[in-house]
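Residue numbers (the working numbering): 78 to 627.
Here a beta-carbon is modelled for each residue, glycine too, at the ideal position from N, C-alpha and C.
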Amino acid sequence: MIGAVRIFSRCVRFRLLRPVTTQVGHHSEIIRGGLFMMTMLLVGNCPTATLASDHPSVQNIDDLVPEIEQYTRQTMEAWNVPGTAIAIVQGDKQTYAKGFGRRAKDNAKSVTADTVFQIGSTTKAFLGVTLAQLAAQGKLDWQDRVIDHYPRFRLADPWVTNEFRIADLLSQRSGLPAFALTEMMFYGYDAQDVIQALQHVRPVSSFRSQFAYQNAFHLIAEQIVAEKHNATDWANVLQKTVLDPLDMANTTITAKALQDNGNHASGHRYEDGRLHQIPTAPMPYNAGGAGALNSSVNDMSHWLRMQMNEGQFRGRQILPATDLAQTHEQRISLDSESHNLYKMTHPEQTGYATGWMVHYSAHGRSINHAGGTVGYNTFVGFDPDRQIGVVVLTNATDNYSGGMAVPLGYYLLERLRQHDAPDYAAQWLSNRQAAEQAQQDHDRLPADAEPHRPLDQYAGHYVSSTLGAVDLVINDEALQFEVGPHHMEVHLQPWSGNTFITEAHIPAYGDNPATDRKRLWFQENERNEITGFKWEGDSASSNEFKRIDD
């Protein structure tokens, strides 16, 4: 799932490009992190799925269509989602595809099975396939050291830098805090800025001991793929080796391509009790292989057919079956807290593979992933033993749960597997509402709020090892600074003492961008002087600014 989702600061960080899943409290979204477990397993060590028979049964799709459509419509209404598209694949055939609702909340044009949406972190599995293709060709091995293929790779720990393998790039087991440097992508920094900043992020767990969702390492993986193909970029490789062979003609990887498509859905975000249509932003496109693709359910059906049919599509072998299977192997298991966010059924074991979440339960094996961007929410999942798969694309997200695509996808997969399914969407909506209320309570000005210092004592020049230098100035009797290549304005509002609430509009190609709100804490020394500030974000080490005045 993944690419979680608090869309920024409670607002966006995605379980983007985070998985996507629900937030159950102030800091527990899939996006936020440090949640996760200590054991690394391969599929051979995982429990075998217990099935009702040697030939697991599948629900007749025709019998299920009325229920699917009723549940989808009622869920869209409850979640206030303008548009949704769904496809179901059985074996090597698309058996259902339909659009629901509108491409934009104020647009009468209907969503169809060809309507294009951002698909967020479900892009990660495409990156995994391009790595697997290189492995199949003998151009690299999953256990090769990253520095042998990308000598510029650096982490804070030299030993981990040396031991980091190709398989680790997409396995979410780096030891860094969850979503490390993802905010840099939202703020418009380019890939090289993010890769360079990795060496400044302090680890929070030992290497390969805990699951913590990331996006930054995918930027390195895509550059390795491009260099091995002598290509200008990963998008060029993906087009030639995956998208063209799969006849995914409506799948693209730029903001312009999305906007130029005459049948595209516009993104929306639910915030402050209202649904806002938002413009296209640099994120997820500057996240590359971590979440940059646009696609439709008709195109994504081709992708699922290849995944479920041993790498074949219409008689073409896109990837050898054994190499495709390696992308489905679990490489890190989840601990109880992270498992509670991602689980489909109970009890089950859940782990992360290469761009996929893997579930094992009495209902069988399920492989899926979510995608969340600032405006879109996606679910792609399949049962490889029953040969059934589901794609759900929606054009709305929120600050707390990511959106309705994942619970809807979970529901559809369970019903297709002939199991009663809980009302996942209603459960997640309830959690979202509770989290929203908790956030409002958390942000409410305390009755005993302390006065802040005179503003000129805070003004000055500050430097972050990852976000760069900023000048904190007084403008209209309030503090503000600009950060990032797009000069994003950040405005500070007093909260209590040396704690302020920041508000910024993240970079976007148009008006009405998403809003990023979070805390900022000024630090002082024993002489009562302001020495820096910490800005709430993906990790303390990446959002810590030191004061450097002349």
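Handout entry: Bridge partners - residue 580, DSSP secondary structure assignment
Key = 568 and 594
Problem - Three-pair Cβ contact test at 8 Å for the region 246-262 versus the region 284-292 - result: yes
Problem - Alpha carbon of residue 305 to alpha carbon of residue 432, nearest angstrom - result: 20 Å
Exercise for the section: Can you grab the Cα-Cα spacing for the pair residue 244 / residue 222, in whole Å? Expected result: 9 Å
Exercise for the section: Throw me the rounded Cβ distance for the residue 538 and residue 553 pair, which I believe falls under 8 Å. Expected result: About 20 Å; that fails the 8 Å criterion.
Practice task
For my contact list, residue 230 and residue 241 are in at a C-beta cut-off of 8 Å; report their separation, rounded to the angstrom.
Solution key: 7 Å
Exercise for the section: State buried or exposed for residue 359, treating a residue as buried only when at least 16 other CB atoms are found within 10 Å of its CB. Expected result: buried
Exercise for the section: Keeping to the same chain, check which residues put their C-beta closer than 6 Å to that of residue 455; ignore five residues upstream and five downstream. Expected result: 196, 197, 199, 448, 470 and 482
Problem - Secondary structure, alpha helix (DSSP H): runs of 4+ residues fully inside the region 290-360 - result: 293-305, 311-315 and 332-337
Practice task
Work out the CA separation of residue 468 and residue 212 for me, nearest whole Å.
Solution key: 28 Å
Handout entry: Pairwise C-alpha distance: residue 500 and residue 489
Key = 11 Å
Exercise for the section: Spell out a yes or no on whether the region 265-280 and the region 171-179 are touching, meaning 3 or more CB-CB pairs, one atom from each, closer than 8 Å. Expected result: no
Exercise for the section: Report yes if the CB atom of residue 606 is closer than 8 Å to the CB atom of residue 573, and no otherwise. Expected result: no
Exercise for the section: Evaluate residue 475 with the Cβ neighbour count: other Cβ atoms within 10 Å of its Cβ, from every protein chain shown; 16 or more gives buried, anything less gives exposed. Expected result: buried
Handout entry: Nearest to residue 146 (by Cα), restricted to the options 485, 564 and 558
Key = 485
Handout entry: Residue(s) in a DSSP beta bridge with residue 457
Key = 446 and 468
Problem - Exposure of residue 317, with buried meaning 16 or more beta-carbon neighbours within 10 Å - result: exposed
Problem - Under 8 Å between C-beta atoms of residue 613 and residue 595 - result: yes
Problem - Rounded C-alpha distance that separates residue 300 from residue 208 - result: 11 Å
Exercise for the section: Pull up the distance between the alpha-carbon of residue 108 and that of residue 184, whole angstroms please. Expected result: Residue placement at residue 108 is poorly supported in this model, since its pLDDT is 29, which falls under 50; the coordinates are not used for a value here.
Handout entry: Boundaries (first-last residue) of the beta strand (DSSP E) holding residue 166
Key = 160-167
Practice task
Please go through the region 240-273 and give each complete alpha helix (DSSP H) segment of 4 or more residues, from N-terminal end onward.
Solution key: 259-263
Practice task
Could you pull the start and end residues of the alpha helix (DSSP H) that residue 505 belongs to?
Solution key: 501-520
Handout entry: Start-to-end residues for the beta strand (DSSP E) that takes in residue 632
Key = Because the chain in this structure spans residues 78 to 627, residue 632 falls outside the shown range and cannot be described.
Handout entry: Terminal residues of the beta strand (DSSP E) in which residue 557 lies
Key = 555-560
Exercise for the section: Would you kindly check if the distance between the Cβ of residue 464 and the Cβ of residue 167 is under 8 Å? Expected result: yes
Practice task
Determine, using beta-carbon pairs with one atom in the region 154-165 and one in the region 392-408, whether at least three such pairs fall under 8 Å.
Solution key: no
Exercise for the section: Taking the CB atoms as reference points, tell me whether residue 562 and residue 356 lie closer together than 8 Å. Expected result: no
Practice task
Please list, in chain order, all residues of the same chain as residue 122 whose beta carbon is under 8 Å from its beta carbon, the five residues on each side excluded.
Solution key: Only weak support is given to the placement of residue 122: the predicted model assigns it a pLDDT of 34, under 50, and the value that follows is read from those uncertain coordinates. Nothing listed; no residue qualifies.
Exercise for the section: For residue 379, count neighbouring Cβ atoms within 10 angstroms of its own Cβ and tell me buried if that reaches 16, exposed if not. Expected result: buried
Practice task
Would you mind giving the Cβ-Cβ distance between residue 354 and residue 162, rounded to the nearest angstrom? I have them listed as a contact below 8 Å.
Solution key: Not really, about 18 Å apart at Cβ, beyond 8 Å.
Practice task
Identify, in the order they occur along the chain, each residue of the same chain with its Cβ nearer than 6 Å to the Cβ of residue 398, setting aside the five sequence neighbours on each side.
Solution key: 387 and 388
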